[in-house]
Amino acid sequence: MTAMQDFRQEQRGVAWAMAGALVLTICIMGLALTMDRSAAAPFVSRLQFAIRIDLLVVVWLAAGIANVARLRFFSESDIAGSGAGSGSDKVRVAGAILQNTFEQAGLAVAAHLIVAASFNRSDALVAALACLFAVGRLLFWLGYRHGAKGRAFGFALTFYPSVLALLASAAVITFG
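Numbering (our numbering), first residue to last: 3 to 178.
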């Protein structure tokens, strides 16, 4: 296979994984929205719930930080920190996973809070979003060593729920 064929095959794998994550996200968000028959909760209660359930999001950030620290502690070339050199491959990969997790967690927490502020019945949706994030991060972390198509489903399972949550919130804010 040529380099271009390898690239195209990897692209197809990424596209299929991301499409699958998008379909799963739409189905789970749709279920959460349609099956939540609870009474409208007060704003403070919705906000409290979103902050509490986002423990599922923030714990992945803590895990990423702990992983980088663990790898540095046991590596002679990395123990001095990232400012002391280029770092080992393991620490660079762990740092890339941590960086992406930080970016995704920031987007997810903001999206969850906006959903809680926009939907009168948001608990089921926010819980679904937080669970999708947790599963997505696990799959991203496990798939990272398998390249772009190995991590694509996990990436998309953390990214698409946040983006769709923001779009749904924008629709609710705009159209009531």
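Every residue gets a Cβ at the ideal spot worked out from N, C-alpha and C, and that includes glycine.
Just so you know, these numbers come straight off a predicted model, no measurement behind them.
- Taking the C-beta atoms as reference points, A158 is found no nearer than 7 Å to V117.
- G149 and V93 have their alpha carbons spaced roughly 16 Å apart.
- Counting along the chain, the unbroken alpha helix (DSSP H) around F177 starts and ends at 150-177.
- For the options G145, A64, A98, F45, the alpha carbon positioned closest to that of F121 is the one of F45.
- If the five residues before and after A42 are omitted, its C-beta is found closer than 7 Å to the C-beta atoms of N122, R123, all from its own chain and listed in chain order.
- A direct Cα-to-Cα measurement between L26 and R147 gives close to 23 Å.
- Considered as a whole, the stretch 67-130 harbours 91-120 as its complete alpha helix (DSSP H) runs of no fewer than 4 residues, in chain order.
- By the Cβ test, the stretch 134-145 is in contact with the stretch 54-65, since at least three Cβ pairs between them sit closer than 8 Å.
- Take the alpha-carbon of H114 and the one of G97: they are about 25 Å apart.
- Following the DSSP letters along the chain, one finds M6 inside the alpha helix (DSSP H) bounded by residues 5-37.
- Looking at I67, A21, L73, V128, the one whose alpha-carbon comes closest to that of I53 is V128.
- Taking a 10 Å sphere around the C-beta of L131, we find 16 or more other C-beta atoms and assign the residue as buried.
- Taken atom to atom, the span from the alpha-carbon of R139 to that of T4 is near 32 Å.
- Residue range 45-55 is occupied by the alpha helix (DSSP H) that includes A52.
- Here D8 is exposed: its Cβ has fewer than 16 other Cβ atoms, across all protein chains shown, within 10 Å.
- When secondary structure is reduced to three states using DSSP, A64 falls in the helix class.
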